[in-house]
Amino acid sequence: MRFEIFTLFPAMFESVLSESILKRARERGLLQVNLHNIRDYATDKHRTTDEPPYGGGGGMLLKVEPIVRAVESVLQGERVPVILTAPQGERFTQRMAAELAQQPRLAIICGRYEGVDERVRQLVVTREVSIGDYVLSGGELAAMVMLDAIARHLPNVLGNAESAPNDSFSSGLLEGAHYTRPSEFRGLRVPEVLLQGDHGAVARWRRESALRRTWERRPELLLSASLSEAERYLLGALAEEWAARAASARHEAATLGAINSLALLDKY
Ligand code: 6GU
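For what it's worth, the working numbering labels the leading residue of the sequence shown as -11, then goes sequentially.
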């Protein structure tokens, strides 16, 4: 897969592209990332890439001409999805990463937080994407996040052991607990079942650990996860455990309240 990245800060990408999985994918020719400096497409003698907004107000906006020139000159009329990174965009998800990995070529324009001239959207952008509800100073980190998440879905980028379908979210659940050596550390023991080599039992334990963690941290994910009868039963048990705990917390609070008011009555 080929990425065309349009940015004012191409150097920001270097370390991310030169380590670990992305490095290996590029070396093996599975992934190609072309960085284009938007400044190289500015036409005035100062090579201006941003200006204050018409109508006043603070901040600077990315200018339309350098970006449109850059995109048109690189894509040469080929129909390629062009993503603009922006906090106003559609939320990036694991599903979107898997979908975008089907494309042979993808362009990403790195916006900046103050904004981009609206005509960039009208002329070249096909999709606006945000990686979450917080503000980054520029779209470069967002583009790197997307690049990494998308590359993990490309054929042969991950080894067998790391394969994407096991990741959190691909199964619809969060990943559960994992352990490696030693089997005991500061009195904390690895669960016995993981040491015993019963693969069926290990698989059940892992699925239960994932279910438990998802229930505790992101219960809304369970609404769309596909679960077996046994798993629904387990979730029922977890729910009862929680309800019992909540009831006992309420009981405790009520008792404390009663004791306090008795104490108050006593006092006056
Ligand atoms: Cl894509 N860009 C910026 N500037 N901030 C963000 C973002 C993108 N996604 C979340 N915050």
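Glycine included, each C-beta is placed from N, C-alpha and C at the ideal position.
- With contacts defined by Cβ atoms closer than 7 angstroms, Leu94 and Phe(-3) do not form a contacting pair.
- Residue pairing of Arg93 in beta bridges, as defined by DSSP: Arg(-10).
- Taking every protein chain shown into account, the CB of Leu183 has fewer than 16 other CB atoms within 10 angstroms, so this residue is exposed.
- Per DSSP, Thr73 lies in no alpha helix (DSSP H) segment; the continuous beta strand (DSSP E) that holds it begins and ends at 70 to 79.
- Exclusion of the five residues before and after Leu162 leaves Ser156, Ala198, Arg201, Thr202, Arg205, Arg206, Leu209 as the residues of its chain whose Cβ lies within less than 8 angstroms of its Cβ.
- Unbroken alpha helix (DSSP H) stretches of 4 residues or longer found wholly inside the stretch -6 to 30: 2 to 5, 8 to 15, given in chain order.
- Contact between Arg79 and Ser118 holds: their C-beta atoms lie close to 6 angstroms from each other, under 8 angstroms.
- With respect to the C-alpha of Val133, the residue from Leu49, Gly224, Arg67, Met84 having the closest C-alpha is Met84.
- For Val56, DSSP assigns no beta-bridge partner whatsoever.
- 7 angstroms or more divides the Cβ of Met(-11) from the Cβ of Leu146.
- Per DSSP, reduced to three states, the secondary structure at Val178 is coil, with no helix or strand assignment.
- At least one heavy atom of the ligand 6GU is found less than 6 angstroms from the C-beta of Pro75.
- Rounded to whole angstroms, the separation of the alpha carbons of Glu60 and Glu39 is 21 angstroms.
- The alpha carbon of Arg67 has as its nearest neighbour, out of Asp136, Val113, His166, Leu124, the alpha carbon of Val113.
- Counting the other CB atoms within 10 Å of its CB gives Asp105 a total of 16 or more, which places it among the buried residues.
- With contacts defined by Cβ atoms closer than 7 angstroms, Leu23 and Ile(-7) form a contacting pair.
- Bridge pairing for Ser118: Arg79 [DSSP].
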